[in-house]
Structures are given as structure tokens and as C-alpha cells.
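Some notes on the structure that comes next.
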Amino acid sequence: MGLAYAKCYDPNGTVHGIPTFPWRMAPDGLATRRQLRAQGLRPGGQRVAAQVLRYTHRGHARVAYLYQVAAAKPVRPMTSRKWGALALAMLARRTCPQCLLDVGYCIPPSLGTCVLCAYPDANTPDTDKEFTP
């Protein structure tokens, strides 16, 4: 058993306070939030049942909390009001504050405006230069 494995293996929770398992060694019936979401579930207010611990090559600990799949609840469906609020938020992200047009993509935060407003000189063709193949 490797040293990193030994530091991560604590099934009784005596060292870390909750049961701790090495990366990819969690018992069946436990899942992370992302794994629950992929199954259409949510933790539903339950406490963390265990954790998966992994050390990086630099010695930093990475933790993923695990929840009981049996106690998880189904994800709440989106209401029409939530869909409307989401649509308005996305419209606000696509609207240029300078020209007030819906540009069809999310405005980059680095520019603050659409590409046409950020680079107006690049959009006009140069008429004084001739094209020579």
C-alpha cells in the first residue's frame, strides 16, 4: 500500500472526522454532486456521508464529498418563471451596451462590447489599397 493511499484511507473517520476513501475507491451507494446530477438527483439536504481524498503531485489535497444515493431526491423541474428569467439573463449577456443590438453571442467580459464596437476600424474595408493576386 502506497503512502498516498494510506493517508487517504480512513473508512471509520477516526483521522478526518468522516469516512475517507482514496480516489476511485468509494463504496457503492455513494456519489458526488455531479454524479447525482447526472442521474437526475440532488442531495436533498442530507449531510455529507463520506469524502474521497486525493493528493496531487505537489502534495495538495483534493476533496470530493459523497452523498447517499438512496437518500437523494429528484431534481426539481424548472418552472415557466425560471425559464423566463434565464432567457432574460441570456439576452442581457448577448446585448451590446454600446450599440444595444442582440449580437447572437455572449459579450466577452474582456471587451465589454461586441466585436464590431470594440474594433470599428477592422470592420471597414480599405478602399485605397488595391488587391493584387
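Okay, so the sequence shown: first residue is 206 according to our numbering, each after it adds one. Virtual Cβ for every residue (Gly too), placed ideally from N, Cα, C. Quick caveat, the model's predicted, so the values are computed rather than measured.
Between the beta-carbon of residue i and the beta-carbon of residue j, is there less than 9 Å?
i      : j      : result
GLN256 : THR219 : no
PRO325 : ILE312 : no
GLY234 : ALA275 : yes
TYR260 : LYS212 : yes
ARG195 : ARG238 : An answer regarding residue 195 cannot be provided, because it is not within the stretch 206 to 338 covered by the chain.
LEU258 : PRO227 : yes
Look at the alpha carbon of residue i and the alpha carbon of residue j, and state the distance between them as a whole number of angstroms.
i      : j      : result
ALA323 : GLY309 : 16 Å
GLY245 : PRO279 : 6 Å
LEU241 : TYR270 : 12 Å
ALA266 : ALA277 : 27 Å
THR300 : MET283 : 24 Å
HIS262 : PRO232 : 25 Å
LEU321 : ALA294 : 22 Å
Under the assumption that residue i contacts residue j (Cβ atoms under 8 Å), give the Cβ distance between them as a whole number of angstroms.
i      : j      : result
ASP307 : LEU296 : 7 Å
VAL253 : ILE223 : 6 Å
Does the ligand ADP have a heavy atom nearer than 8 Å to the CB of residue i?
i      : result
THR219 : This structure lacks the ligand ADP, and indeed carries no ligand of any kind.
Among the residues of its own chain, which have a CB less than 8 Å from the CB of residue i, if the five just before and after it don't count?
i      : result
GLY317 : PRO302, ALA323
HIS221 : ASP215, GLN256, LEU258
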